[in-house]
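Q: Going by this note's numbering, the first residue of the sequence shown is number 1404, and it counts up by one from there.
Ideal Cβ placement from N, Cα and C applies to all residues, glycine included.
Questions regarding the structure given below will be posed in turn.
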Amino acid sequence: MDTQYTITELAREFDVTPRAIRFYEDQGLLSPSREGSSGLRRVYSGRDRTRLKLTLRGKRLGFTLSEIRDLLDLYDSPTDTLAQLNAFLATVKRHRDVLERQREDLDATLEDLAQYEAQARALLDGDTREKDDAQPVATKPQAKPARHTA
């Protein structure tokens, strides 16, 4: 018999809200059975638990919910695993390419910021030197020698 989980148990285990789990259900990523007289109580199977785990992993990797659903559906289908692996690799490659471009953009932005920062510091250092050169050094007024009267 397959192990069953409540929405609360899954939420605790994966540190997500029940609302997030219901959202993933609405998106077709999970399909719990219903129990109880009114059929409102959700019961999640081991398959649902695995799909939730893979969904959260896919989200961390930056996959869209649509991509995650497509990959999960491939694994559920009784087709050849070669097609599944090729689809998975294509999705991974797309995301790797996006992340590489983002890293290049971030590196260029950090380089620009470092140059702007250096220019601003140079201007501040120049202003400070100019002010130091323009103002005479303040000195204490000399005390007048005391006069002794006899």
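Measuring straight from C-alpha to C-alpha, what distance separates R1422 and R1524?
A: 49 Å
Q: Tell me which residue opens and which closes the alpha helix (DSSP H) that S1434 is part of.
A: Boundaries for S1434: no alpha helix (DSSP H) harbours it, and the DSSP string shows neither H nor E there.
Q: Residues in its own chain within less than 6 Å of A1553 by CB, not counting five upstream and five downstream?
A: The pLDDT assigned to A1553 is 49, lower than 50, so where the model puts this residue is not dependable, and the model offers no usable value.
Q: Rounded to the nearest angstrom, how far is the Cβ of L1413 from that of R1452, given a contact under 8 Å?
A: 6 Å
Q: Kindly indicate which three-state DSSP category V1495 falls into: helix, strand or coil?
A: helix
Q: DSSP three-state label for V1501, please.
A: helix
Q: State yes or no: is the C-beta of T1406 within less than 9 Å of the C-beta of G1449?
A: yes
Q: Kindly identify the DSSP beta-bridge partner or partners of Y1408.
A: DSSP, once it has assigned bridges, lists Y1447 as partnering Y1408.
Q: Between G1529 and N1489, what straight-line distance do the alpha-carbon atoms span, to the nearest angstrom?
A: 60 Å
Q: Looking only at C-alpha atoms, which of L1485, T1484, F1491 sits nearest to R1472?
A: Per the Cα distances, F1491.
Q: Taking only the alpha-carbon atoms, compute the straight-line gap between E1416 and K1456 and give it to the nearest angstrom.
A: 10 Å
Q: Going by alpha carbons, who is nearest to Y1427 out of D1479, R1454, L1474, A1517?
A: Closest by alpha carbon: R1454.
Q: Find the nearest neighbour of V1495 within the set R1425, D1510, K1462, Q1430, judged by alpha-carbon distance.
A: K1462
Q: From this set, A1493, T1409, E1503, which residue's C-alpha is nearest Y1447's C-alpha?
A: Checking every option, the nearest Cα to that of Y1447 belongs to T1409.
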